[in-house]
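For the protein sequence lines, the chains are Y and A, in the order given.
Quick note: the first sequence uses the working numbering, first residue 48, plus one each step.
Quick note: the second sequence uses the working numbering, first residue 285, plus one each step.
Heads up, the beta-carbon is just placed ideally off N, CA and C, and yes, glycines get one too.
From a predicted model like this one, the values you see are computed outputs, not experimental measurements.
What follows is a single structure, written as structure tokens, with notes after it.
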Amino acid sequence: GAVVSQHPSRVICKSGTSVKIECRSLDFQATTMFWYRQFPKQSLMLMATSNEGSKATYEQGVEKDKFLINHASLTLSTLTVTSAHPEDSSFYICSPRRVDTQYFGPGTRLTVL
Amino acid sequence: GQNIDQPTEMTATEGAIVQINCTYQTSGFNGLFWYQQHAGEAPTFLSYNVLDGLEEKGRFSSFLSRSKGYSYLLLKELQMKDSASYLCAVSPRTGGGNKLTFGTGTQLKVEL
Numbered sequence: 048g049a050v051v052s053q054h055p056s057r058v059i060c061k062s063g064t065s066v067k068i069e070c071r072s073l074d075f076q077a078t079t080m081f082w083y084r085q086f087p088k089q090s091l092m093l094m095a096t097s098n099e100g101s102k103a104t105y106e107q108g109v110e111k112d113k114f115l116i117n118h119a120s121l122t123l124s125t126l127t128v129t130s131a132h133p134e135d136s137s138f139y140i141c142s143p144r145r146v147d148t149q150y151f152g153p154g155t156r157l158t159v160l
Numbered sequence: 285g286q287n288i289d290q291p292t293e294m295t296a297t298e299g300a301i302v303q304i305n306c307t308y309q310t311s312g313f314n315g316l317f318w319y320q321q322h323a324g325e326a327p328t329f330l331s332y333n334v335l336d337g338l339e340e341k342g343r344f345s346s347f348l349s350r351s352k353g354y355s356y357l358l359l360k361e362l363q364m365k366d367s368a369s370y371l372c373a374v375s376p377r378t379g380g381g382n383k384l385t386f387g388t389g390t391q392l393k394v395e396l
């Protein structure tokens, strides 16, 4: 299967700070990147879709100014959680699309104190 | 809208066979995926069905009936490491960049 890396794997931050999560597709080019969030014992909820070189499309209820997505190249996308609050604590997963298959990064566990 | 249903939990015995069902109602259909997710980890791809029928891949098989909006994942010769959540996801329409809609997942527990 395809190799996708995500960094950091875990992060703990104070309320009000910003956290950047990087996602890289190591052995293929991803024209489309999906970002998901998963709360404990719940399914994956799509946050936004981004295509390389263009602005991300956010799902209803997801604040674009709070969750900044940059998809600068075909192998790198970043998600920045700005002014994080405890309710943003979750498991964030990137998902690059390759032809008809979506692969997933290993996820980032964010804990906001 | 999109609606995907799976059982919440299942329990099976090591060495046995288990079938996890998924029913869906979506606006458009361009394929159904099955993923395995261990606790605290990201999902890993298991299978993709776009045509009716059974796709076999080692111990895992996946079946699709588009007319019935129904799929199942069949796991044979169960092993303890198969204890995980199994996610059914539907791709709603053709074209690049289309979004997957996930079911809530079926938590499978394999016992001795």
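query, result
"Between residue 76 of chain Y and chain A, is any beta-carbon pair separated by less than 7 Å?", "no"
"Chain A partners of residue 152 of chain Y, CB-CB under 9 Å?", "326"
"Between the alpha carbons of residue 332 of chain A and residue 114 of chain Y, how many angstroms are there, rounded?", "30 Å"
"Can you pull the chain A residues whose beta carbon is under 7 Å from the beta carbon of residue 107 of chain Y, in chain order?", "Neighbours of residue 107 of chain Y on chain A: none; closest Cβ ~12 Å, over 7 Å."
"What number of angstroms, rounded off, separates the C-alpha of residue 308 of chain A from the C-alpha of residue 340 of chain A?", "21 Å"
"What do you get for residue 323 of chain A, buried or exposed, if any count of 16 or more other CB atoms within 10 angstroms of its CB means buried?", "exposed"
"Which chain Y residues sit within Cβ distance under 9 Å of residue 342 of chain A?", "Those do not exist, as residue 342 of chain A stays about 14 Å from chain Y at its closest Cβ, beyond 9 Å."
"Could you give the DSSP three-state label for residue 376 of chain A: helix, strand or coil?", "coil"
"Run through chain Y and tell me which residues come within less than 7 Å of residue 386 of chain A, C-beta to C-beta.", "90 and 91"
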